[in-house]
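In terms of full-length UniProt numbering, the sequence shown opens at residue 1 and continues consecutively.
Reviewing the structure listed below.
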Amino acid sequence: MTAQKENLQFQTEVNQLLHLMIHSLYSNKEIFLRELVSNGSDACDKLRFEAIGNDSLYETDSELRVEVEFDAAAGTITVRDNGIGMSRDEVVTNIGTIAKSGTKEFLSKLTGDEKKDSHMIGQFGVGFYASFIVADKVTLTTRRAGDAASEGVRWESDAQSGYSLEQVEKATRGTEIVLHLKEDEKLLADGWRLRNIIRQYSDHIPLPVNMRKTEAGEIKDEWETVNKANALWTRAKSEVKDEEYQEFYKHVSHDWEDALAWSHNRVEGKYEYTSLLYLPSKAPFDMFDRDNTHGLKLYVQRVFIMEDKEFKLMPRYLRFVRGVLDSNDLPLNVSREILQGNKIIENMKNASVKKVIGLLENMIANEPEKYQKFWKEFGKVLKEGPGEDFSNREQIAKLLRFSSTLDDSAEQTVSLPDYMARMKEGQDKIYYITADSHTAAKNSPHLEVFRKKGIEVLLLSDRVDEWLVQHLMEFEGKSLQSVAKGQLDLSKLETEEDKKEQEKVEAEAKNMVEHIKTALGEKVGDVRVSHRLTTSPSCIVLNDHDMALYMQQLMKQAGHEMPDTKPALEINPTHPLLKRMEAETDDERFGEWSSILLDQAILAEGGQLEDPAGFVNRLNKLMLAMG
């Protein structure tokens, strides 16, 4: 019995993305078959896992496989699997990665340049909708394992006028996809060509991809396996070509680009397992999505168990790593509860983290340009590491890259070992400044004395940097010190002449410091002569553990309550503006000048004034008075 057919519309952004994908990826159209075979393989993996606790899901057919057929006369290609299948709700939600959350954000990043956008499509994930590169109509029929035959679902679309859904009779579980080929793509309905595509892109799929035998141009009823159908990670490294590693990466990650690097290891001893870990070459568009579901796949004796999102085998700061872990020691009926605190899992996790860190260290030593490419894509995520992984903090710290006052470039190429190798004699701290942008960081008045003395300062302008320095407080015995927080002590780097000059300036400015302190009252925690400034009139200095002003502002905008902080105001008595204030006899006008000193210092730090209109009025008033 067939239920009434529903006609539904795609969301606007899905329509946009479909159009772009079909045209952008046309030159690589053969990947449609890779995507469909990969999806079929994943569906079989999921069935095998669910059937561990419910054998009836096999429905008398336990030989899992993907089948590919073609009909040259009708111009169709059919890809089917006998995997887990989908219910109606799952069809609507999961038919392809393209319809999932984040589509709008992804579209906003598109440039309009077809070549560049095609690379971004790969980062988004191609999936089921790759079918429309070669087909003008796609019919998908599916039934979830364990459901009644009458609960089959048929989905059909031409990628233009939305899609239809109807309930249909389907005797077998799993999913069948029929591609009605475009007129100029009907040559794809050819046995020799389809076999070549499968061998090129899907040889590594660890279950059979079958096609009907052909003899003397005649298609037989007998099936044959086209791919090698063995798990690539179980083979010796010496037997696997780079091209095979790359194709397996695309299968396991659903990425479009080649992997940047990989590590393939078989561990024997107390615990036995195999790991194949990949570093992508491009960051996925949803890398900062906390619900990111990508990562590693866990296998037990080559049987797929679950995705990383369910057992957290990689820490969050390595969430970009893709690949598989296959254990010989875990039970096949392993549950999420068993995985919590499991010694085998902990061992695999710790070893895998060290393998990834080792892979990055090797890249730094032997392929520094490749590492810089990696850093541009994943550096912000790696900076989360010192706060998450205490046991590997020192090693992670060596992987980090920053920009610095060495050349003021926004390029993050300076490592902490690089910085330490250039430290001045007597310098016992690693100096840094955090700011909302690279421009704000490099132009901060706090850097003036450091530039004068030739002391390098790290310029930190990623949002994660403020969090990073709260957890990475020292490196190889040297403490990290913000140049914008706390009292600045450069006495070990100063000459006796410098110290005497500073003492003299402080003594001469004592009365003015007290005058400004009185004028500002509760607005500041302290007023003092600056050791930092050489050309600017003033700056504000936070306490050692205060959050940077720009970060406080962001937190407030996000609705978080922030404690009131009273920064210290540091002044440069040698500046002409301070000399002008020193000569001011009118207390009210002196108070106006003091407020302007404070307000401009707050603005220079990326803070927000409580009374911007008052600042403008005071400034205008004093400018007119000077005129």
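C-beta atoms are modelled at their ideal positions from N, C-alpha and C, and glycine is treated no differently.
| query | result |
| --- | --- |
| What is the residue span of the beta strand (DSSP E) that K174 lies within? | Note on identity: in this sequence residue 174 is Gly, with Lys being the wrong assignment. Element bounds for G174: 174-181. |
| Which residue marks the beginning of the beta strand (DSSP E) containing K373, and which one marks its end? | Run containing K373: none in the beta strand (DSSP E); it sits in the alpha helix (DSSP H), 368-382. |
| Which partner residues of P280 appear in the DSSP bridge assignment? | A259 |
| Please confirm whether L8 and Y163 have their CB atoms less than 7 Å apart. | yes |
| Is M626 helix, strand or coil by DSSP? | helix |
| Taking Q395 as part of the alpha helix (DSSP H), name the residues at either end of that continuous run. | 393-399 |
| Just how far apart, CA to CA, sit S365 and N265? | In the sequence as presented, Ser is not what sits at residue 365; that position holds Ala. Cα-Cα distance, rounded: 20 Å. |
| One question on the structure: do L577 and H531 come within less than 7 Å of each other, judged by their Cβ atoms? | no |
| Within this structure, are the beta carbons of V541 and A558 separated by less than 7 Å? | no |
| For the stretch 600-618 against the stretch 573-589, are there 3 or more C-beta pairs whose distance is under 8 Å? | no |
| Distance check for Q553 and D462, CA to CA, integer angstroms please. | 15 Å |
| With distance defined between alpha-carbon atoms, name the residue in D526, G606, D89, R195 nearest to E30. | R195 |
| Residues in its own chain within less than 7 Å of E476 by CB, not counting five upstream and five downstream? | M420 |
| Considering only residues of the same chain and omitting the five flanking positions on each side of residue 637, which have a CB-CB separation below 8 Å? | The structure shown does not extend to residue 637, since the chain spans only 1 to 627, so no value can be given for it. |
| Secondary structure at H264, three-state DSSP: helix, strand or coil? | strand |
| DSSP state of I205, grouped into three classes? | coil |
| Thinking C-alpha only, which one of D190, K354, V483 is nearest V321? | K354 |
| Starting from E224 and walking both ways along the beta strand (DSSP E), at which residues does that stretch end? | 218-225 |
| Under three-state DSSP, which class holds E59? | coil |
| Near I433, which residues of its chain fall below 7 Å by C-beta distance, leaving aside the five closest residues on each side in sequence? | A441, S444, H446, L447, V457, L459, L460, S482, V483, A484 |
| In three-state terms, what does DSSP make of I95? | coil |
| I need the DSSP call for N620, collapsed to helix, strand or coil. | helix |
| Are three or more beta carbon pairs between the stretch 171-184 and the stretch 77-85 nearer than 8 Å? | yes |
| Comparing alpha-carbon positions, which option in D436, G454, L318 lies nearest N392? | L318 |
| Using the three-state DSSP reduction, which class does F615 fall into: helix, strand or coil? | helix |
| Can you name the start and end residues of the alpha helix (DSSP H) that L598 belongs to? | 587-604 |
| Roughly how far, in whole angstroms, is the beta-carbon of V153 from the beta-carbon of R88, given that I think they are within contact range, below 8 Å? | 5 Å |
| Hey, quick one: how far does the beta strand (DSSP E) through F402 stretch, first residue to last? | Taken as a continuous stretch (DSSP letters only), F402 belongs to no beta strand (DSSP E), as it is neither H nor E. |
| What span of residues does the alpha helix (DSSP H) with Q552 cover, start to end? | 549-557 |
| Could you spell out where the beta strand (DSSP E) holding N7 opens and where it closes? | 6-8 |
| Pick out whichever of R618, H19, F49 has its Cα sitting closest to the Cα of P331. | F49 |
| Is Q412 closer than 7 Å to S404 when the C-beta atoms are compared? | no |
| Applying the 10 Å Cβ sphere with the 16-neighbour rule, what's the burial state of E610? | exposed |
| In chain order, which continuous runs of the alpha helix (DSSP H) of length 4 or greater are located wholly inside the stretch 443-486? | 448-453, 465-471 |
| Going straight from the alpha carbon of L329 to that of A74, what length do you get? | First, the amino acid is wrong: residue 329 is Asp here, not Leu. About 50 Å. |
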